[in-house]
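Q:
Protein chains: 2
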Amino acid sequence: MSEIVHVALDAMGGDNAPGEIIKGAMDAISERSDIKVTLVGQEDVIKKELEQYTYPKERVLIRHASEMIEMAEPPVNAIRTKKDSSIVVGMNMVKQGEADAIVSAGSTGALLAGGQLLVGRIKGIERPPLAPLIPTTKGVSLLIDCGANVDARSSHLVQFAQMGSIYMEHVVGIKNPKVAIVNIGSEEEKGNALVKETYPLLKECPGINFIGSIEARDIPGGYADVIVCEAFVGNVILKLYEGLAGTLVSKIKEGLTSTPISTVGAMLAKPALKKTLKDFDASKYGGAPLLGCKGLVVKTHGSAKAMEVKNSIIQCVTFKQQDINGKIKENIIRKDEA
Amino acid sequence: MSEIVHVALDAMGGDNAPGEIIKGAMDAISERSDIKVTLVGQEDVIKKELEQYTYPKERVLIRHASEMIEMAEPPVNAIRTKKDSSIVVGMNMVKQGEADAIVSAGSTGALLAGGQLLVGRIKGIERPPLAPLIPTTKGVSLLIDCGANVDARSSHLVQFAQMGSIYMEHVVGIKNPKVAIVNIGSEEEKGNALVKETYPLLKECPGINFIGSIEARDIPGGYADVIVCEAFVGNVILKLYEGLAGTLVSKIKEGLTSTPISTVGAMLAKPALKKTLKDFDASKYGGAPLLGCKGLVVKTHGSAKAMEVKNSIIQCVTFKQQDINGKIKENIIRKDEA
Numbered sequence: 001m002s003e004i005v006h007v008a009l010d011a012m013g014g015d016n017a018p019g020e021i022i023k024g025a026m027d028a029i030s031e032r033s034d035i036k037v038t039l040v041g042q043e044d045v046i047k048k049e050l051e052q053y054t055y056p057k058e059r060v061l062i063r064h065a066s067e068m069i070e071m072a073e074p075p076v077n078a079i080r081t082k083k084d085s086s087i088v089v090g091m092n093m094v095k096q097g098e099a100d101a102i103v104s105a106g107s108t109g110a111l112l113a114g115g116q117l118l119v120g121r122i123k124g125i126e127r128p129p130l131a132p133l134i135p136t137t138k139g140v141s142l143l144i145d146c147g148a149n150v151d152a153r154s155s156h157l158v159q160f161a162q163m164g165s166i167y168m169e170h171v172v173g174i175k176n177p178k179v180a181i182v183n184i185g186s187e188e189e190k191g192n193a194l195v196k197e198t199y200p201l202l203k204e205c206p207g208i209n210f211i212g213s214i215e216a217r218d219i220p221g222g223y224a225d226v227i228v229c230e231a232f233v234g235n236v237i238l239k240l241y242e243g244l245a246g247t248l249v250s251k252i253k254e255g256l257t258s259t260p261i262s263t264v265g266a267m268l269a270k271p272a273l274k275k276t277l278k279d280f281d282a283s284k285y286g287g288a289p290l291l292g293c294k295g296l297v298v299k300t301h302g303s304a305k306a307m308e309v310k311n312s313i314i315q316c317v318t319f320k321q322q323d324i325n326g327k328i329k330e331n332i333i334r335k336d337e338a
Numbered sequence: 001m002s003e004i005v006h007v008a009l010d011a012m013g014g015d016n017a018p019g020e021i022i023k024g025a026m027d028a029i030s031e032r033s034d035i036k037v038t039l040v041g042q043e044d045v046i047k048k049e050l051e052q053y054t055y056p057k058e059r060v061l062i063r064h065a066s067e068m069i070e071m072a073e074p075p076v077n078a079i080r081t082k083k084d085s086s087i088v089v090g091m092n093m094v095k096q097g098e099a100d101a102i103v104s105a106g107s108t109g110a111l112l113a114g115g116q117l118l119v120g121r122i123k124g125i126e127r128p129p130l131a132p133l134i135p136t137t138k139g140v141s142l143l144i145d146c147g148a149n150v151d152a153r154s155s156h157l158v159q160f161a162q163m164g165s166i167y168m169e170h171v172v173g174i175k176n177p178k179v180a181i182v183n184i185g186s187e188e189e190k191g192n193a194l195v196k197e198t199y200p201l202l203k204e205c206p207g208i209n210f211i212g213s214i215e216a217r218d219i220p221g222g223y224a225d226v227i228v229c230e231a232f233v234g235n236v237i238l239k240l241y242e243g244l245a246g247t248l249v250s251k252i253k254e255g256l257t258s259t260p261i262s263t264v265g266a267m268l269a270k271p272a273l274k275k276t277l278k279d280f281d282a283s284k285y286g287g288a289p290l291l292g293c294k295g296l297v298v299k300t301h302g303s304a305k306a307m308e309v310k311n312s313i314i315q316c317v318t319f320k321q322q323d324i325n326g327k328i329k330e331n332i333i334r335k336d337e338a
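If you read the protein sequences in the order shown, they are chains X and L.
Numbered by our numbering, the letters in the first sequence go through residues 1 to 338 in order.
Numbered by our numbering, the letters in the second sequence go through residues 1 to 338 in order.
Structure below.
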């Protein structure tokens, strides 16, 4: 049997905590025998929620944490002062090697800050990027970086390309993943100063399959598996993806039900339409890893439901069993070597 | 009667030239009596196309231009060497005051380069931004800048906010337009170096209605009328908008026709759906102006059809009659004054 992977799960974070979070843990535990989950949060709340389930006690533990970090709190300050929050307690479990990973639907800022300040960077990694999977017509692409690392340097972007390639190949299972850099044209001479400086470095970078620039309009088509950009641009892409998809789907719903005849049509078309839109949904792939930390930190959507939580937990198992951090240590070009 | 506005129309640029371009001119001419159009391009081709129309000869002229700038040509070089291209000939008409504006569906790069090099900037304007209108659930927002001005400075962004406000108020007709800066969070302390530097300048800037940061997810909701960002980010937003909308609509079509029952449903729902999606379409508002030049340069989509061309031409009339350039000259904070 494979090694058991131990995931600390923030039971208090996200819009649907603790119900959907704990349901996700239960689903992961019953689907896979190689997972152990520690639910981190208010013990009485967690215990009450667990009453409705039967589960193997040795693989579902509880770690009490009396505090919670709110979404609007300044992240660094929250991490420093709320020592007994579910995020800080879970991160310390990872730091001390007690857990392999932490999964949270809570404050992104706190997870990013905690990943750096508590869990710590792998030696040689300049900045840990947050790398969500975004849906495309061909499956998913890894958008790296969408974190808080604004004003990045070209050496950061090269590391993002390398870490992203390792992740897509060994966790998502895309052989020889295609890497592209977000640009405002497809020609090499296009771009801002950062892109112009990074492009030749990516071209020369060993061990990645660099295919050149990608324009934002081609991202949804899935032309690249690893989409490299600095965090400000990544954040804009990620959020516009979410916002525009939501807006269009609601516009379409509005259109479908705007007349009696169209409403009948909508009823007939609904099951097929639902299935198609479900394909265009990244949540089945789990959460966004913060790569390059000494343990794994996974951020799931604030709105995550049980399926996404379950998949985020299972993603941690693959991450550990594939020894992604070992591969990162071996393969990343570090500043002192470059 | 109002003053007649003279528009030089690039008859050769875009995917649907010359047919749809000339049809757009004909539609504009017959809709409004205060427009004169000079069709710029290969005379024989234009004459042949015009044979199918009856129109007032005194308001539809032809200016022969033997060359064409292709989409892939390096813009500055193209502008400098192809002196007899439709874009250069049209721009020179604007420069010499013979025409008030040029409208083209051709190479964006050539229009941006020509706007600066041939038409020239209004005194005090540091950089002319390209400002397309993007559809939102409430109508349209002006996304400024989406041009080629990468690596912008904060003083540029302040001018964009001012010019964008004047345009939205007097051309699009939005009273006291709300101005926001694209950011990765809504708090003032968020952002990259450029945004952090620009934010307080916008807050203090007189004559604009600055409402703070806007996250990309809120852009489709129409929370701001003038969306300020540097060109790299603007380009990413604009192109992702186009790409994602196209991808989602084709995904939905696929879903609607994936089973026999859903296909029947789709047929019933189609007219209502079409109407709704049409509302979410910026082409009825015309093209993207390159603001801050001595004349008006308007870029329409490469795929523009007659309606968009017509609306782009009419937009030039409003621009001229509202004396937008006069208002820009009066109201913009120039470097030497700031």
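Where a beta carbon is used, it is the ideal one built from N, C-alpha and C, also for glycine.
Using the DSSP secondary-structure output, state which residues sit across from L/I102 in a beta bridge.
A: Its beta-bridge partners are L/A8 and L/V297.
Q: Could you give the first and the last residue of the continuous alpha helix (DSSP H) run that contains X/K320?
A: Taken as a continuous stretch (DSSP letters only), the alpha helix (DSSP H) holding X/K320 covers A306 to Q321.
Q: In three-state DSSP terms, what is X/N331?
A: Of the three classes helix, strand and coil, the one that applies to X/N331 here is helix, per DSSP.
Q: Could you check the C-alpha separation between X/I122 and X/S2 for me, to the nearest Å?
A: One C-alpha to the other measures close to 25 Å.
Q: Would L/L248 pass as an interface residue toward chain X - the criterion being a Cβ-Cβ separation below 7 Å?
A: Closer than 7 Å to some Cβ of chain X, the Cβ of L/L248 qualifies, so yes.
Q: Please report whether the beta-carbon of L/F232 lies at a distance below 7 Å from any beta-carbon of chain X.
A: Closer than 7 Å: yes.
Q: Sorted by chain position, which residues of the same chain lie with C-beta nearer than 6 Å to X/A338's C-beta, five sequence neighbours on each side aside?
A: Legend: pLDDT at X/A338 = 48, less than 50; position of this residue unreliable, value from coordinates given subsequently. Taken in chain order, the list of residues that qualify is empty.
Q: Could you check whether the Cβ of L/R217 sits closer than 7 Å to any Cβ belonging to chain X?
A: It does; some Cβ of chain X falls within 7 Å.
Q: Ordered along the chain, which non-local residues of its own chain (more than five positions away) have a Cβ less than 6 Å from that of L/N176?
A: For L/N176, where only same-chain residues beyond five positions count, the Cβ hits under 6 Å are N209.
Q: Alpha carbons only, please: which of X/P200, X/G243 and X/I227 is nearest the one belonging to L/P220?
A: Among X/P200, X/G243 and X/I227, the Cα nearest to that of L/P220 is on X/G243.
Q: Could you name the residues of the same chain whose beta carbon sits closer than 6 Å to that of L/H6, not counting the 5 residues immediately before and after it, in chain order?
A: So the list reads K36, A99 and D100, once near-sequence residues are dropped.
Q: From the DSSP output, in three-state form, read off L/R80 for me.
A: Correct three-state label for L/R80: helix.
Q: Do X/D145 and X/A231 count as a contact pair if the criterion is CB distance below 7 Å?
A: In this structure, X/D145 lies closer than 7 Å to X/A231 by Cβ.
Q: Is there at least one Cβ from chain L nearer than 7 Å to X/A358's Cβ?
A: No answer is possible for residue 358 of chain X: the residues shown for chain X start at 1 and end at 338.
Q: With a 10 Å radius around its C-beta and 16 neighbouring C-beta atoms as the bar for buried, classify X/G173 as buried or exposed.
A: Per the 10 Å Cβ criterion, exposed.
Q: Starting from X/F232, trace the alpha helix (DSSP H) in both directions and tell me its first and last residue.
A: Its alpha helix (DSSP H) spans residues A231 to L256.
Q: Just verifying my parser: in three-state terms, what is the DSSP assignment at X/K178?
A: Correct three-state label for X/K178: strand.
Q: Are the CB atoms of X/L256 and L/A266 within a distance shorter than 7 Å?
A: No, these two residues do not count as a Cβ contact at 7 Å.
Q: Short of 7 Å in beta carbon distance, which residues of its chain neighbour L/N325, apart from the five on each side in sequence? Order them along the chain.
A: So the qualifying residues of the chain are I122.
Q: Counting only Cβ pairs nearer than 8 Å, list the residues of chain X close to L/G241.
A: What sits at residue 241 of chain L in the sequence shown is Tyr, not Gly. Neighbours of L/Y241 on chain X, chain order: L240 and L244.
Q: Under three-state DSSP, which class holds X/A338?
A: Note on X/A338: pLDDT 48, under 50, position unreliable in the model; no value is reported.
Q: Per the contact definition of three or more C-beta pairs closer than 8 Å, is the stretch 31–49 of chain L in contact with the stretch 307–324 of chain L?
A: Taking 8 Å as the limit for Cβ pairs, the verdict is that the stretch 31–49 of chain L does touch the stretch 307–324 of chain L.
Q: Between X/D225, X/S141 and X/Q116, which lies nearest to X/L296 when the distance is taken from Cα to Cα?
A: Measuring from the Cα of X/L296, the nearest candidate turns out to be X/Q116.
Q: For X/A304 and X/E20, which I take to be in contact (beta-carbon distance under 8 Å), what is that distance rounded to the nearest angstrom?
A: Between X/E20 and X/A304 the Cβ distance is about 7 Å, and since that is below 8 Å, they are a contact.
Q: Over the uninterrupted alpha helix (DSSP H) stretch that includes X/I261, give me the two end residues.
A: From DSSP, the alpha helix (DSSP H) with X/I261 extends over P260 to D279.
Q: How far does the alpha helix (DSSP H) with L/G19 in it reach, from first residue to last?
A: Per DSSP, L/G19 belongs to the alpha helix (DSSP H) from G19 to E31.
Q: Would you report the Cα separation of L/G207 and L/S107, rounded to the nearest angstrom?
A: Going by the C-alpha atoms only, they are around 34 Å apart.
Q: When the distance is taken between beta carbons, is X/K251 closer than 7 Å to L/T276?
A: Yes, Cβ-Cβ distance for L/T276 and X/K251 is below 7 Å.
Q: Classify X/Y55 as buried or exposed, calling it buried when 16 or more other Cβ atoms lie within 10 Å of its own Cβ.
A: Exposed, by the Cβ-count rule.
Q: Taking C-beta pairs closer than 7 Å, name the residues in chain X that L/P220 reaches, listed in chain order.
A: The answer, in chain order, is G243, L244 and T247.
Q: Taking CB distances under 7 Å as the criterion, tell me whether L/I261 reaches chain X.
A: Yes, because at least one Cβ of chain X sits closer than 7 Å to the Cβ of L/I261.
Q: Closer than 7 Å, Cβ to any Cβ of chain X: which residues of the stretch 307–337 of chain L, in chain order?
A: The residues in question: there are none.
Q: Over the uninterrupted alpha helix (DSSP H) stretch that includes X/T108, give me the two end residues.
A: Unbroken alpha helix (DSSP H) run through X/T108: T108 to G114.
Q: Going along the stretch 158–189 of chain X in order, which residues come within less than 7 Å of chain L, judged by CB to CB distance?
A: Hits within the stretch, in order: V182 and I184.
Q: My output table needs one value for L/T137: the three-state DSSP class, helix, strand or coil.
A: Of the three classes helix, strand and coil, the one that applies to L/T137 here is coil, per DSSP.
Q: Using beta carbons (cut-off 7 Å, strictly below), is X/D151 in contact with chain C?
A: Looking for chain C here will not work: the only protein chains present are X and L.
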